[in-house]
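Asks: Numbering (the numbering used here), first residue to last: 132 to 811. Where is the CB? At the ideal position from N, CA and C, for every residue including glycine. Dropping a structure here in structure tokens format, bear with me for questions.
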């Protein structure tokens with residue numbers, strides 16, 4: 132738990148809402164925290180610009196962070212994007228140049244011109260806000276002097292919530308359903324006045340499921356290249372601080388940014404999920420807000436505090452732990468690299484041998500065929516962790532039994548890795564479209580299998596994500612698959628296991644047919660990025676204890692329920708993964724009232740993934756949600772349902788939204804669409 136700080140060197144003025152008028156007449160809603168005397172003594176500003184409802188949903192997260200920065204001499208501006216929360220307009224997709232990014236640049240100019248701002252602006256955010264911080268930085272607005280990007284990516288196709296290794300992530304549907312919920316909620320009458328109902332009806336009448344757009348772009352085309360700053364790192368010329376966690380879905384971008392950017396940069400990867408690091412789970416959290424103040428002090432105030440002379444990349448080297456679906460804490464230690472790629476990291480090549488060994492020596496050559504049950508992957512955990520119960524992979528022995536495995540002898544000494552393991556496979560398929568999933572596991576002496584990292588690949592994307600090519604059945608191909616970056620210490624006496632499967636449901640959508648892959652053993656390898664412990668690691672200064680400003684007071688009206696279950700029908704053969712959640716917005720459980728504004732929030736989510744082991748075309752995913760916002764006589768509710776399934780030729784997506792104002796249903800909309808499968 133972060134320590135609560137109540138007194139700061141600056142007393143803080145909180146402006147609940149102000150309007151930022153854009154050139155086209157649109158008004159964006161902003162909440163501002165600033166030192167009381169900022170209009171007499173202007174200060175630098177920090178912008179967070181996201182679509183997640185500043186008035187209610189992110190309030191419990193925003194307040195302790197932005198008040199903290201304001202207490203340290205900054206004006207903090209939390210803006211609802213066009214069409215989100217209380218802002219005018221409509222939000223129709225992610226990261227559009229017009230209006231999102233252009234609006235962002237205009238907001239920065241507006242902030243810099245205010246009497247309480249000294250003209251220097253920083254931009255920050257987690258997830259969406261981390262994305263658009265990078266994207267707006269690439270536009271080079273004159274007043275933007277530095278950014279801080281948390282849990283974000285530089286590659287919108289290969290390393291985001293939509294596609295991975297050329298495979299469709301099921302999280303694509305989840306994210307579409309989430310944004311369908313947010314996009315169809317009403318603005319707050321206390322902020323926008325009587326026009327709230329007209330604004331709400333306009334949103335309800337205009338929005339469509341974003342998944343229908345994303346499914347049309349199954350390769351790395353211009354749609355995904357837009358906003359992917361790895362297309363031109365040189366476009367970003369301001370200092371960049373990138374931070375995230377190993378339990379998050381976005382940690383790979385941080386080493387890439389440290390390698391690709393040329394200017395001042397800093398990368399930190401802790402053990403955390405998709406959470407700001409001062410609230411980091413698993414522990415240990417870090418004093419992120421103090422560290423961020425040092426960053427802003429250096430680049431917005433010109434304070435020579437030495438932060439720009441610290442290591443380029445600092446990561447949490449995780450110790451081996453027994454497999455579990457949650458960790459309160461991940462044991463480990465901080466290690467650092469002065470440059471990235473780290474000059475002291477040496478590749479170690481291991482061969483996948485025909486006798487099942489994983490060894491530095493090449494042994495028996497063999498052709499090994501394997502075909503995994505379609506439910507393989509159900510024990511793979513969530514694509515992105517949020518620090519919630521049951522989201523991490525349990526013991527992988529069951530999944531390993533459904534996979535082709537290669538294993539080292541017990542390690543004679545401790546082995547630490549830092550970076551991305553790389554697997555090179557010589558492999559053939561009996562179908563023109565096939566997938567391979569590869570897991571790197573830590574095997575304890577008692578046989579317990581802990582997943583360390585993984586990667587997936589649509590084999591038609593073996594040469595290019597832009598121009599996939601069908602496989603010729605029976606032909607062997609040399610395939611390179613880079614696993615997710617990780618820092619992990621394998622203890623002496625443990626084994627390293629590499630597990631290969633032909634599917635990984637529900638993390639990736641299944642191929643249209645069950646494929647049998649044939650691996651040429653002794654012609655396939657695993658390359659580990661080995662990092663020897665260094666004496667200077669012990670000399671690294673410790674991060675400060677996590678702290679923040681006081682939390683927003685909330686009153687819990689009803690305790691929530693949270694369940695995750697895996698079931699297998701012995702009659703029908705259906706295998707299911709289900710999730711039920713009440714509450715959950717930014718760590719607030721059940722039904723609750725946000726005390727300062729008197730708004731009651733209730734949210735329920737039902738999610739179900741189903742499949743049959745012998746038929747990937749039985750795969751289905753359903754999301755049901757209900758969200759209610761109320762205060763006094765103002766009562767609103769939306770019910771949302773999305774469903775996805777596929778045939779051999781198409782992926783189908785359905786959505787529906789019903790909205791209530793009091794007891795009256797004011798809107799009911801339905802969508803049904805499909806996208807032809809493009810070698811997927």
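Does the separation of the CB atoms of residue 606 and residue 559 fall below 7 Å?
Replies: Yes, Cβ-Cβ distance for residue 606 and residue 559 is below 7 Å.
Asks: Out of 313, 613, 151, 543, which has the shortest C-alpha to C-alpha gap to residue 758?
Replies: That would be 313, whose Cα lies nearest to the Cα of residue 758.
Asks: Here's a check: name, in chain order, each residue in its chain whose Cβ is nearer than 8 Å to the Cβ of residue 572, leaving out the five neighbours to either side.
Replies: 527, 531, 580, 581, 582, 583, 627, 628, 629, 630
Asks: Count the other CB atoms within 10 Å of the CB of residue 132; is the residue buried (16 or more) or exposed (fewer)?
Replies: exposed
Asks: Please look up how many angstroms separate the CB atoms of residue 623 and residue 542, rounded, as I've assumed it's under 8 Å.
Replies: 5 Å
Asks: Locate the beta strand (DSSP E) running through residue 403, then write down its first and last residues.
Replies: From DSSP, residue 403 is part of no beta strand (DSSP E); its letter is neither H nor E.
Asks: Cα separation between residue 749 and residue 632?
Replies: 19 Å
Asks: Have a look at 165, 621, 710 and flag the residue whose alpha-carbon is nearest the alpha-carbon of residue 695.
Replies: Proximity to residue 695 across 165, 621, 710 peaks at 710, based on C-alpha coordinates.
Asks: Which one or two residues does DSSP pair with residue 497 in a beta bridge?
Replies: 652
Asks: For a test of the three-state rule: what should DSSP assign to residue 344, helix, strand or coil?
Replies: The three-state secondary structure of residue 344, taken from DSSP, is helix.
Asks: Return the CA-CA distance between residue 346 and residue 782, expressed in angstroms with no decimal places.
Replies: 8 Å
Asks: Could you give the DSSP three-state label for residue 806: helix, strand or coil?
Replies: strand
Asks: Tell me the DSSP secondary structure of residue 330 in three-state form.
Replies: Annotated three-state conformation of residue 330 is helix, per DSSP.
Asks: Is the distance from the Cβ of residue 515 to the Cβ of residue 380 below 7 Å?
Replies: yes
Asks: Rounded to whole angstroms, what's the CA-CA distance from residue 179 to residue 210? Just pull it up for me.
Replies: The C-alpha of residue 179 lies about 6 Å from the C-alpha of residue 210.
Asks: Once DSSP output is grouped into helix, strand and coil, what is the label at residue 242?
Replies: helix
Asks: Anyone know if the C-beta pair for residue 338 and residue 315 falls short of 7 Å?
Replies: Between residue 338 and residue 315, the CB-CB gap stays under 7 Å.
Asks: So what does DSSP say about residue 612, is it helix, strand or coil?
Replies: strand
Asks: Counting along the chain, where does the alpha helix (DSSP H) carrying residue 201 start and finish?
Replies: First-last of the alpha helix (DSSP H) with residue 201: 190 to 202.
Asks: Within this structure, are the beta carbons of residue 803 and residue 790 separated by less than 7 Å?
Replies: no
Asks: Residues in the same chain with beta-carbon distance under 8 Å from residue 220, minus the five sequence neighbours each way, listed in chain order, please.
Replies: 157, 213, 214, 230
Asks: Which ranges does the alpha helix (DSSP H) cover as unbroken runs of at least 4 residues, wholly within the region 248 to 272, from first to last along the chain?
Replies: 259 to 268
Asks: Are the Cβ atoms of residue 658 and residue 480 separated by less than 7 Å?
Replies: yes
Asks: Could you round the C-beta distance between residue 94 and residue 618 to whole angstroms and report it? I think they count as a contact, below 8 Å.
Replies: There is simply no residue 94 to check, as the chain begins at 132 and stops at 811 in what is shown.
Asks: Can you check DSSP and say which residues form a bridge with residue 211?
Replies: 181
Asks: For residue 548, write down the residues that DSSP places opposite it in a beta bridge.
Replies: 619, 661
Asks: How would you label residue 281, buried or exposed, when you count the other beta carbons within 10 angstroms and need 16 or more for buried?
Replies: buried
Asks: Note the first and the last residue of the continuous alpha helix (DSSP H) segment covering residue 305.
Replies: 302 to 314
Asks: Throw me the rounded Cβ distance for the residue 462 and residue 452 pair, which I believe falls under 8 Å.
Replies: 7 Å
Asks: Does residue 666 come out as helix, strand or coil in the three-state DSSP assignment?
Replies: Helix, per DSSP.
Asks: Which residue wins for smallest C-alpha separation from residue 787, given the options 722, 292, 754?
Replies: 754
Asks: Identify, in the order they occur along the chain, each residue of the same chain with its Cβ nearer than 6 Å to the Cβ of residue 724, setting aside the five sequence neighbours on each side.
Replies: 686, 731
Asks: Please state the DSSP three-state secondary structure of residue 323.
Replies: helix
Asks: What do you get for residue 544, buried or exposed, if any count of 16 or more other CB atoms within 10 angstroms of its CB means buried?
Replies: exposed
Asks: Where do the N-terminal and C-terminal ends of the beta strand (DSSP E) with residue 421 fall, by residue?
Replies: Taken as a continuous stretch (DSSP letters only), residue 421 belongs to no beta strand (DSSP E), being part of the alpha helix (DSSP H) at 419 to 431.
Asks: Throw me the rounded Cβ distance for the residue 342 and residue 784 pair, which I believe falls under 8 Å.
Replies: 5 Å
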